[in-house]
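Chains W and L, in that order, give the protein sequences.
Counting with my numbering, you get residues 13 to 459 for the letters of the first sequence.
Counting with my numbering, you get residues 13 to 459 for the letters of the second sequence.
Protein chains: 2
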Amino acid sequence: MVQVILLSGGSGKRLWPLSNGARSKQFLPFLSCPTGGRESMLQRVIRQIKESDMKCDITVAANDQQRDMLINQLGDGINVVLEPSRRHTFPAIVLSCADLLLNKGCSKDNVVVVLPCDPYTDAGYFEAIKQMAQAVESNVADLLYMGIKPTEPSDKFGYIFTDGELSDNVLNVTNFTEKPSVKESVEFIAKGAYWNSGVFAFRLGYIIDIVEQKYVHVNNFAELRSRYSELPNISFDYEIAERAQSAAMVPFDGQWQDVGTWNILSSIMPDRTIGNVHFGSQCRNTHIINELSVPIYCDGMTDAIIAAGPDGILVSAKATSDTVKQHVDQLVDRPMYEERRWGTYRVLDRTSGADGMHSLTKNLFLKPGHNISYQLHHHRQEVWTFVDGIGRLRLDDEERIVRAGDVIHIQREQKHGLKAITPLTFIEVQIGTDLVEEDIVRLEMNW
Amino acid sequence: MVQVILLSGGSGKRLWPLSNGARSKQFLPFLSCPTGGRESMLQRVIRQIKESDMKCDITVAANDQQRDMLINQLGDGINVVLEPSRRHTFPAIVLSCADLLLNKGCSKDNVVVVLPCDPYTDAGYFEAIKQMAQAVESNVADLLYMGIKPTEPSDKFGYIFTDGELSDNVLNVTNFTEKPSVKESVEFIAKGAYWNSGVFAFRLGYIIDIVEQKYVHVNNFAELRSRYSELPNISFDYEIAERAQSAAMVPFDGQWQDVGTWNILSSIMPDRTIGNVHFGSQCRNTHIINELSVPIYCDGMTDAIIAAGPDGILVSAKATSDTVKQHVDQLVDRPMYEERRWGTYRVLDRTSGADGMHSLTKNLFLKPGHNISYQLHHHRQEVWTFVDGIGRLRLDDEERIVRAGDVIHIQREQKHGLKAITPLTFIEVQIGTDLVEEDIVRLEMNW
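Here you go:
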């Protein structure tokens with residue numbers, strides 16, 4: 013059974029304001045789904061793997077902030093390996109490989125395929141992946157790359173050089189060069205080099221042996237995870253791909269787009285708009301995604317992209333949409349919307365009083381059967397006004413039923429928890445001197 | 013003493029989303045003020061009248077929805093005449109004239125100047141107004157127009173034809189034609205016609221006599237107001253200006269712009285942006301007004317206007333910014349922000365429950381010393397969470413002090429009122445079957 017490791021990294025700064033630390037670009041639900049409705053990049057790639065009939069298990073390598081999004085989009089049945097801290101692809105892949113070896117009963121002989129989840133591809137891509145896995149299985153080489161036929165000079169990719177076929181559609185790799193200058197890339201392309209797609213295949217033991225020789229023993233997963241920061245913070249390309257002695261490549265020249273900017277994302281959106289949008293008659297090739305409830309009216313725009321959500325509003329020519337990345341640090345304050353395992357919250361309002369007191373008002377939605385943890389706060393009181401649904405409230409170890417119209421005033425240090433019986437919506441007003449998500453003491457309790 | 017009647021009409025649909033029924037375009041505080049800060053069109057025109065040293069009293073003719081905005085922007089010292097219902101300029105001017113005659117002790121000999129408050133003009137405009145008033149005073153003609161030298165063929169204006177000077181800079185009017193076709197307007201301009209500015213001067217008796225002859229007696233203001241709907245719903249231009257037998261015109265060719273579209277408003281804004289806005293490096297001649305708290309990022313735009321507020325978001329080429337007018341009825345649901353005499357409110361959130369129950373969450377701000385009326389609701393309960401300031405709450409005829417952290421749960425039919433001692437902010441959650449501003453029973457009480 014092939015082990016597929018999906019890399020769910022990336023902060024998605026280029027897709028501000030709709031992506032943020034927790035909701036990376038691969039979670040944005042803007043693609044059309046063959047069964048109707050919309051799906052995210054992550055959901056799409058997993059659907060495509062299943063449709064390819066590759067015999068495989070899937071592991072998603074992600075960071076802690078993404079955990080709730082992953083469970084929401086993929087359900088509980090998927091194997092998720094969470095990095096203890098955000099690091100580059102090499103340590104992330106090592107951690108997933110260790111999980112396969114130490115927790116999932118895989119052997120060093122098992123074939124592993126690593127793939128990023130952000131390229132937008134067609135079925136041929138997964139055929140190439142099956143060929144890569146087959147080539148590792150047949151011992152054609154230690155490390156298999158997928159090479160993309162370049163369409164333009166670019167300094168954004170590593171380049172792979174080959175010199176002949178080792179087996180059917182598997183080329184011998186002579187050299188791998190990380191991102192060159194655009195000028196150099198022209199030369200590389202003239203010599204027939206391929207772009208590195210970031211898809212790799214190898215036997216589990218290949219990586220485990222390198223880690224053991226160079227860094228740490230891989231015999232205890234918890235220990236490896238606790239020593240995660242000792243692994244070099246480096247990309248898999250630099251640490252492994254550039255140094256491979258025995259490498260081969262399967263070329264792929266079908267659809268392959270990095271859906272990392274609004275420009276490219278809009279090009280694969282099935283509709284011009286999502287959300288409450290009204291066009292005048294003089295707009296051309298303009299895409300609008302509106303996650304706010306208020307309307308957007310747009311006229312006289314050509315080749316533009318507009319994206320509006322609780323975190324902010326982007327208005328850009330498609331050609332300049334990636335410049336937002338350089339400004340995101342100034343734009344981002346705190347997330348104004350998050351999807352959690354239990355449901356969602358949206359920040360509605362913030363005030364600052366003359367006396368150093370602040371308020372933060374949220375709309376919270378709990379999915380039926382889900383709960384927010386039993387907890388207390390040191391620095392704030394909270395007022396919950398229930399506006400829809402039925403739930404079980406626990407307040408200082410006493411339980412009661414709450415429904416629309418009920419108001420609960422939770423004082424500082426007062427223990428409180430809530431579980432939804434039916435879909436449950438309430439308005440929370442926090443009042444205190446220091447209103448941060450971190451002011452939370454989680455307490456043990458079983459619902 | 014000249015009596016100036018300022019017409020504060022207009023719904024300002026072309027300036028959606030920042031203007032609405034209550035906050036018409038003349039209230040938008042986007043112009044620079046010589047003393048620093050920003051002022052509205054209305055504040056600007058009143059400042060300019062005062063600077064012109066015209067000896068005059070000012071009356072503002074407005075509709076009921078605008079009353080609180082007027083008091084906020086102008087204070088209590090200004091004479092305001094409120095129409096009982098929204099009608100055209102002729103009935104509105106008649107009502108103000110009747111107020112001057114019957115309530116303010118003016119005589120039929122008093123000179124009246126009527127002017128709209130939306131043109132953006134320079135000091136010369138007010139010199140022309142003084143000449144108009146002087147010409148009426150000197151009995152040069154019954155009705156004085158201000159004529160604007162046309163700058164382009166246009167079907168948006170009435171045209172005034174003249175044939176010679178009656179006195180210094182006062183021309184004899186031979187003909188007045190309401191809005192022609194653009195083709196006709198070319199001919200009119202070739203013949204030396206002027207645009208009608210909408211500024212008129214006449215003696216109070218001139219209008220009163222016409223009304224008495226044709227429509228109703230003007231001897232009791234309350235009665236006239238109650239019979240307001242009997243006056244024809246027609247513009248002053250059609251009813252009076254087109255039919256005047258003795259008319260003259262003072263020409264004006266200084267700055268004169270109808271600030272009725274985002275395109276023109278942006279051209280007189282002192283800065284490119286208002287509010288939380290970040291530009292990339294590739295924007296040209298793009299203006300952004302952001303009344304939301306979240307940031308707008310903009311790049312790659314040329315000659316564009318972006319306006320964002322609680323009611324919605326407009327993104328348009330400047331040239332097409334007035335097309336929004338045709339779409340406003342689809343875009344407007346309920347006002348999401350209003351300035352009232354007592355302060356402001358902003359709608360933060362709305363939910364609809366499965367059981368026909370709805371919720372509406374607001375942030376309300378009361379100015380110190382101001383109160384919201386003692387009232388009750390038939391169809392909703394309200395939860396007030398105080399987040400800043402100190403106030404006096406009256407609940408079922410009992411009074412108490414409220415401050416940050418206090419929570420008040422007001423049941424259906426429960427009498428409640430609130431007065432701010434210091435600037436007071438609270439979050440209101442309404443829950444009920446029918447959440448409309450109209451569900452309010454106002455009760456007598458003195459604070």
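In this text, a Cβ means the ideal position worked out from N, Cα and C, and glycines have one as well.
Given the structure is predicted, the values throughout are model-derived calculations rather than measurements.
Is W/G312 close to chain L, meaning its C-beta is less than 7 Å from at least one C-beta of that chain?
-> yes
Using a beta-carbon distance below 7 Å, is W/M66 in contact with chain L?
-> no
Would you be able to state if there are at least three C-beta pairs under 8 Å between the segment 428-445 of chain L and the segment 388-405 of chain L?
-> yes
Please work out which residues of its chain come closer than 6 Å, Cβ to Cβ, to W/E51, disregarding the five sequence neighbours upstream and downstream, and give them in chain order.
-> L43, C45
Note down, in chain order, each residue of its chain lying with its Cβ closer than 6 Å to the Cβ of W/A213, except the 5 sequence neighbours on either side.
-> V125, M144, A145, V148, L156
Using the beta-carbon of each residue, which ones in chain L are nearer than 8 Å to W/S328?
-> G292, Y309, C310, D311, G312, M313
Local conformation of L/W274 per DSSP, three classes | helix
6 Å CB neighbourhood of L/Q1 in its chain, flanking five on each side removed = There is simply no residue 1 of chain L to check, as chain L begins at 13 and stops at 459 in what is shown.
Nearest to L/L378 by alpha carbon, out of L/G429, L/V185, L/A104?
-> L/G429
Give a yes or no on whether the C-beta atoms belonging to L/H339 and W/H299 are separated by under 7 Å.
-> no
Could you name the residues of the segment 348-366 of chain L whose beta carbon sits closer than 9 Å to any beta carbon of chain W, in the order they occur along the chain?
-> M348, R358, L360, D361, R362, T363, S364, G365, A366
Only counting runs of 4 or more residues, tell me where the alpha helix (DSSP H) segments fall wholly within the segment 253-300 of chain L, in order along the chain.
-> 274-280
Distance between W/V152 and W/Q225 (C-alpha atoms, nearest Å) = 23 Å
Which of the residues in the segment 329-343 of chain W, read from start to end, lie with their CB under 7 Å from any CB of chain L?
-> A329, A331, T332, T335, V336, H339, Q342, L343
Would you be able to state if there are at least three C-beta pairs under 8 Å between the segment 214-221 of chain L and the segment 116-125 of chain L?
-> yes
Please compile the residues from chain L whose C-beta is within a distance smaller than 9 Å of the C-beta of W/T437.
-> T363, G365, S371
Please check if any C-beta of chain L sits within less than 7 Å of the C-beta of W/H421.
-> yes
Which residues bound the alpha helix (DSSP H) around L/E12?
-> As displayed, chain L neither begins before 13 nor continues past 459, which places residue 12 of chain L out of reach and without an answer.
Assigned exposure category for W/E350 - 16 Cβ within 10 Å defines buried | buried
Name, please, each residue of chain W whose Cβ falls closer than 7 Å to the Cβ of L/N181.
-> Simply none; closest approach about 41 Å.
Length of the line joining the Cα atoms of W/T332 and W/T273 | 10 Å
The beta strand (DSSP E) with L/I58 in it runs from where to where?
-> First-last for L/I58: 53-63, but that is the alpha helix (DSSP H), not the beta strand (DSSP E).
Starting from L/Q387 and walking both ways along the beta strand (DSSP E), at which residues does that stretch end?
-> 383-388
Identify the residues that DSSP records as bridge partners of L/W396: which are they?
-> L/I420, L/E440
So, using beta-carbon positions, are L/G365 and L/P29 closer together than 7 Å?
-> no
Given a limit of 8 Å on CB to CB distance, which residues of the segment 405-419 of chain L reach chain W?
-> A416, G417, V419
Inspect the CB distances between the segment 164-172 of chain W and the segment 235-242 of chain W and report whether three or more fall short of 8 Å.
-> no
Between W/I83 and W/I317, what straight-line distance do the alpha-carbon atoms span, to the nearest angstrom?
-> 30 Å
Where W/N32 meets chain L, residues with beta-carbon distance less than 9 Å | Residues of chain L passing the Cβ test: none, with the nearest at roughly 12 Å.
With 16 as the cutoff for other CB atoms within 10 Å, does W/N302 come out buried or exposed?
-> buried
The segment 70-84 of chain L contacting the segment 30-39 of chain L, beta-carbon criterion three pairs below 8 Å | yes
Applying the criterion that 16 or more other CB atoms from any shown protein chain within 10 Å of the CB defines a buried residue, is L/K195 buried or exposed?
-> exposed
Whose C-alpha, out of L/G401, L/E425, L/K67, is nearest the C-alpha of L/P435?
-> L/G401
Hey, could you find the ends of the beta strand (DSSP E) W/V359 is sitting in?
-> 355-364
Other residues of its chain near L/I413: CB distance less than 7 Å, five sequence neighbours each side excluded | I402, R404
What does W/D426 reach in chain L if we use C-beta pairs closer than 9 Å?
-> The sequence as given places Gln at residue 426 of chain W; Asp does not occur at that position. The contacting residues do not exist; W/Q426 stays about 13 Å from chain L at best.
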